[in-house]
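Protein chains in written order, with the working numbering: chain U, 1 to 298; chain P, 1001 to 1319; chain R, 2001 to 2405.
The beta-carbon is built from N, C-alpha and C at its ideal position, and this holds for glycine as well.
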Amino acid sequence: MEFATNLTFSAFCQQFLVGLSRTTILFIVSSGLSLVLGVLRIPNVAHGSLYMLGAFLAYSIATAFGGGSTGFWLALVLAPLCVALISLVVERGLFCRLYDREHLMLLLFTFAFMLLARDLVKLAWGSDYRSLSAPSMLQGSFSVLGMPFPRYNLFLLIIGPLVALGLWFLTNKTKIGKISRAAAVDREMVAAVGINVSWVFAFVFVIGCFLAGLGGALVAPTQNITQGMDHSLIMEAFLIVIIGGLGNMWGALLGALIFGLTDSLGILVWPQFAIVFPYVAVVIVLIFRPKGLLKATW
Amino acid sequence: MSDNSTHWKWIAAALGSIVLFFCLPFVLSRFYIYFAALILVTGLLATSLNMVLGFGGMYQFHHAVFYGIGAYTLALTITKTNLPPIVGYLLGPVVASVLAVLMGLVCVRLSKLYFGMLQLSLGSLVWALVFRWYSFTGGDDGIHGIPLPSIVSSITGSYYVTAIVTGLALLVMFMIINSPFGRIFQAIRDNPERSEGIGVNVTRHQLVGQAIAGFFAGVAGVLFVTVEGSVFPDLLFWTLSLEILIMCLLGGWFTFLGPMLGAAIMVTLRTVVGVYTEYWTLVLAIVLMFLIFFLPQGVLGYIIETVRPHPARGQREER
Amino acid sequence: MKKLSWVVLCAVLIAGLAMTGTYVQAADPIKIGIVDSYSGPPSTYTNDVRDGFKLAVDKINAKGGVLGRQITFITRDDKFKVDLGLSAAKELIMREKVDLLVGTINSAVALAVSDLAKKEKIPFLVTYSKSANITGAKGHPYVFSMNENTEMVGKGAAAALAKLPYVNYWIAGDDYEYGHAIAEGVWSNLKKLKPDVKLLGESWWKVGEPDFTPYITSILAAKPDAVIVATGGAGCVPFLKAAKATGFNERVPFFMHTATELSTLRPLGQEAPEGVMGTANYYFYYPDTPENKAFAEEFKKAYGRQPSFGSVIGWFTADFIAKAYEKAGKVDPEKFAQALSGLTIDSPIGKLTVRAVDNQVVLPLFMGKTKKAPDSDFLIATDIVTIPGEQTMPSAEDIKKAREK
């Protein structure tokens, strides 16, 4: 067991960049979770299933359109929209009747939904591994300080800030965004001024689920699209939301950064125990900042 | 659970079921005896979780850790040391309890979701340790074929031990819930600030609650080894924690025996439906959704409400 | 009232259970129980095993079955969880009263069920788990391995790698028993065959790691001559993807067990990297024998896809079962176990034997390099070198030593 034999400056930079692109996916998915948790107070364990669904839909859409570049770009747009549509139906049909229940009952409900989604995905797509190719302009890699850096990861690095900006604009500059932020803090108050809180919640829920689907579609070209994708991600997303501060979008970004970087830099420093680093980071954060790093909405 | 006559009814019901469970091996085939034992173990685990979840209002998100540690303690005592197995049986719950207190010391300052997530992270660290420490815990392959004492090596033997220990554990837990401590504990659940205000040391009570819940989870853990003769890291994984949480909610988390019923329903569903289809989780999901819409108090909570439309209902709704 | 409701509830529950138990079992067919993971990523392998098994069983039954009896089989999904697998196995033995157990892909489940099989004296044929402990340290007369194990991979791969000029190696893999066992097997044997090899370092990632780029870049930083990648099942596809994206395969030659397998290369399509060294136990296009061609065609006709190694395992497992019952002359667990131990049959990949010493099937290993093929949607293996089964098997003394521990 050699220790840190490969700790050079260029490798460090490299790993840092890669950690950042990993952060992007984590951020997109967990900001959606954070929105739903912060505004609606639903601990949505089915969020990971929507992410998985996004990846599978992206695969199917891309294949339906020939699998080339057009297929990919269409999939990237359509898959999250499909996920959003599904979530709208589920929200209006089922969730909206449950908002006054105990949080744990909502957790139970989303758990049931997760089981449902898992089996439906299995029924719809079968058990083979699926793989989606990135468009040719994003394939391959270029050199950063003598190390290869995949083009697709660069693409992720551009998308991440764009999504963050878009979200910031949505929550801070638009009317509906402001209303939903207000609803997160005090829903009775918002209802009292004559706003239909139920539809505000539906809007937020759909945006959150859209982000999960987007994360799934974005991650599809980098990995195996398979059942069980939901599993590994959902726990990480929850921890990110918690350390960042519930409902705080910048918190989700910060949490995702901590997660992505501890993971990828941990590998460089101490590969044998990289698996525990993110958990240790969460424990440390919560011991010193029990309510997360940034201001939570509740 | 307020007046004295209710107590006695519960105790009588418990006694009735003890007699019932004693007779089971005479009428059931081998598989169903094993199956009953499995339900009891899972039910005990869920009940121990509900001690802090339903009665303490703590979001215990990673309860399975204590179960797994109890099981591993017994397994390692038997396979790695020359101590008699009974030492392992005693040590399992104690170690689980100690771990619960240690983790509790870090977590209890936080409330609700934050408490749950911190516990989840700490528990995952323990899981990672068990999962990775090949030379000691057997890593992800686990330890199988643990040589158990002869009294529990047969299915009937392990069933009786499980049934007796589970019965005793339930009795003790029931007594704790109805003791002065239990009442304060429930008061903390209903209103931590006011409890603090009238001079209750909330943190200490919650720690004691953790110790108790961890202890009985450890008991369930050693019973699991008794029934299955194997340990493996899945026992400490967060998915199991989520499952037992679901059992509590399903059965009724404000009732004492609800989690037991929830465990019975879940284990039965997966075994019986699993015989017909690999999509039993789909059936479970649909059943769960129906339950949430129509029986929000859990199955046993619903039964109690229908059978006895007492003032207790009003109190519940107030929360 | 409450007591009553509780008792009624219990009664209903028990009645429900009893009803499922009232299956009348016909004495006639031979009943085989399969416990395997039909959910999640592993199902891509287990479905192939089941389909191959079914194909062979149907064929056997069409010819009149074994000893004049038909073979039936029932499956249970363990969802890759030990507790579910164990209770499913118990249900199959005690309630369904199966004559044989077959399964599973999860090593921990296989070991747990193997222990149960030993206690219940029911033969257990492990189909996909590759833990060397099954027939090694934890072996017993009732457990049989129908797949290669990590020791065999290690020995076989080391024999092939020792012929190559590389000296400075890096090891990377899935951080669980299988990954470590493969890496350890390859490395210890390679060291024996070629003492001057050096290990520059290791990296391990958690099972189900979604993105391998960080690991690949850190490996590249160390500049090894070659890399041994010990990743199993679901990890192979994303690893190869990341290897292609980073140009890993062009910079450093790397060896990966199962990299050339159909289950890995088919989902990647044309996206798989070329020139990856990989071992596999079966290709539907190799060995190029009439038996293999016939099997591949039959499988394709039945299921509309090419057979993978799992399909072959399922196929010859069923064949082994039939032949062993014929040899035993009656349906009896002990006689069956004795008959299967040391049995040789014909299979699509030539003659196969279950070694008498440890009940491990002797399988050849094929090492090839990935290459694009003009008439195929996915990459295939070329320059295939066959490592005969005898060369990869652990010695009888090693087995004895392992079991004494």
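{"Check": "At which residues does the beta strand (DSSP E) containing R/S2076 begin and terminate?", "Outcome": "The sequence as given places Arg at residue 2076 of chain R; Ser does not occur at that position. R/R2076 -> beta strand (DSSP E) spans 2071-2077."}
{"Check": "Taking Cβ-Cβ distances below 9 Å as the criterion, which residues of the stretch 150-167 of chain U are in contact with chain R?", "Outcome": "P150, R151, Y152, N153"}
{"Check": "Please check if any C-beta of chain P sits within less than 8 Å of the C-beta of U/R92.", "Outcome": "no"}
{"Check": "Can you check DSSP and say which residues form a bridge with R/K2369?", "Outcome": "R/M2277, R/T2382"}
{"Check": "In terms of DSSP beta bridges, what is R/E2202 paired with?", "Outcome": "R/I2171"}
{"Check": "Give me, in chain order, the residues of the same chain whose beta-carbon lies closer than 7 Å to that of U/A181; leave out the 5 immediate sequence neighbours on both sides.", "Outcome": "The sequence shown places Arg at residue 181 of chain U, not Ala. Cβ neighbours of U/R181 beyond the five flanking positions: T171."}
{"Check": "Which chain U residues are close to R/T2246, counting only those with a beta carbon under 7 Å from its beta carbon?", "Outcome": "S141, P148, P150"}
{"Check": "Under a CB-based cut-off of 8 Å, is U/L268 close to chain R?", "Outcome": "yes"}
{"Check": "Kindly indicate which three-state DSSP category R/D2036 falls into: helix, strand or coil?", "Outcome": "strand"}
{"Check": "Quick one: grab the DSSP three-state call for U/S60.", "Outcome": "helix"}
{"Check": "Check whether chain U comes within 8 Å of R/G2085, counting only Cβ atoms and requiring the distance to be less than that.", "Outcome": "no"}
{"Check": "Drop a sphere of 10 angstroms on the beta-carbon of P/F1297, count the other beta-carbons inside from all chains shown, and report buried for 16 or more, exposed for fewer.", "Outcome": "Contrary to the premise, residue 1297 of chain P reads as Gln rather than Phe in this sequence. By the 10 Å Cβ count, P/Q1297 comes out buried."}
{"Check": "Bridge partners of P/H1144, per DSSP?", "Outcome": "P/S1230"}
{"Check": "Use the C-beta contact count for P/T1081: other C-beta atoms within 10 angstroms, 16 or more gives buried, fewer gives exposed.", "Outcome": "exposed"}
{"Check": "Should R/S2115 be labelled buried (16 or more other beta-carbon atoms within 10 Å of its own) or exposed?", "Outcome": "Inspection of the sequence shows that residue 2115 of chain R is occupied by Asp rather than by Ser. With 16 or more Cβ atoms within 10 Å of its Cβ, R/D2115 is classed as buried."}
{"Check": "Considering only residues of the stretch 1194-1251 of chain P, which uninterrupted alpha helix (DSSP H) runs meet the minimum length of 4 residues and lie entirely inside it, listed in chain order?", "Outcome": "1202-1228, 1238-1251"}
{"Check": "Whose CA, out of R/T2104, R/I2093, R/F2053, lies closest to the CA of R/S2477?", "Outcome": "As displayed, chain R neither begins before 2001 nor continues past 2405, which places residue 2477 of chain R out of reach and without an answer."}
{"Check": "From this set, U/L246, U/L268, U/G216, which residue's C-alpha is nearest U/P290's C-alpha?", "Outcome": "U/L246"}
{"Check": "Quick one: give me the first and last residue of the beta strand (DSSP E) that R/H2257 is part of.", "Outcome": "2254-2257"}
{"Check": "Contact criterion: CB-CB distance below 8 Å. Does R/A2221 meet it with respect to chain B?", "Outcome": "Absence of chain B from the displayed structure is noted, the protein chains being U, P and R."}
{"Check": "Indicate whether R/G2275 and U/P148 have their beta-carbon atoms separated by less than 8 Å.", "Outcome": "no"}
{"Check": "With U/G251 as the anchor, note down where its alpha helix (DSSP H) starts and where it stops.", "Outcome": "249-269"}
{"Check": "Looking at chain U, is there any beta carbon in it that lies within less than 8 Å of the beta carbon of P/R1189?", "Outcome": "no"}
{"Check": "Anything in chain P within Cβ reach of R/M2094, meaning under 8 Å, just list it in chain order.", "Outcome": "S1029, R1030, F1031, Y1034"}
{"Check": "R/Q2360 bridges to which residues according to DSSP?", "Outcome": "R/S2145"}
{"Check": "For U/M235, which residues in chain P fall below 7 Å Cβ to Cβ?", "Outcome": "W1238"}
{"Check": "Give a yes or no on whether 8 Å exceeds the smallest Cβ distance from P/T1271 to chain R.", "Outcome": "yes"}
{"Check": "Go ahead and pull the three-state DSSP assignment for R/I2387.", "Outcome": "strand"}
{"Check": "Roughly how many angstroms separate the alpha carbons of R/A2027 and R/L2092, rounded to a whole number?", "Outcome": "Any reading at R/A2027 is ruled out, since the residue's pLDDT is 49, under 50, leaving its predicted position unreliable."}
{"Check": "What residues in its chain sit with their C-beta under 7 Å from that of U/P80, if we drop five residues either side in the sequence?", "Outcome": "G54, F210, G213, L214, A217"}
{"Check": "Against chain R, with Cβ distances strictly below 8 Å, would P/H1144 count as a contact?", "Outcome": "yes"}
{"Check": "Is it true that the CB of R/L2352 sits closer than 8 Å to the CB of R/A2324?", "Outcome": "no"}
{"Check": "Say whether chain R places a C-beta atom closer than 8 Å to the C-beta of P/S1230.", "Outcome": "yes"}
{"Check": "Report the rounded CA-to-CA distance for U/M189 versus U/A183, giving the unit in angstroms.", "Outcome": "8 Å"}
{"Check": "Whole angstroms is fine: what's the gap from R/A2088's alpha carbon to P/G1274's?", "Outcome": "9 Å"}
{"Check": "Flag U/I275 as yes when its Cβ comes closer than 7 Å to any non-hydrogen atom of the ligand GTP, and as no otherwise.", "Outcome": "No copy of the ligand GTP appears in this structure; indeed no ligand is present at all."}
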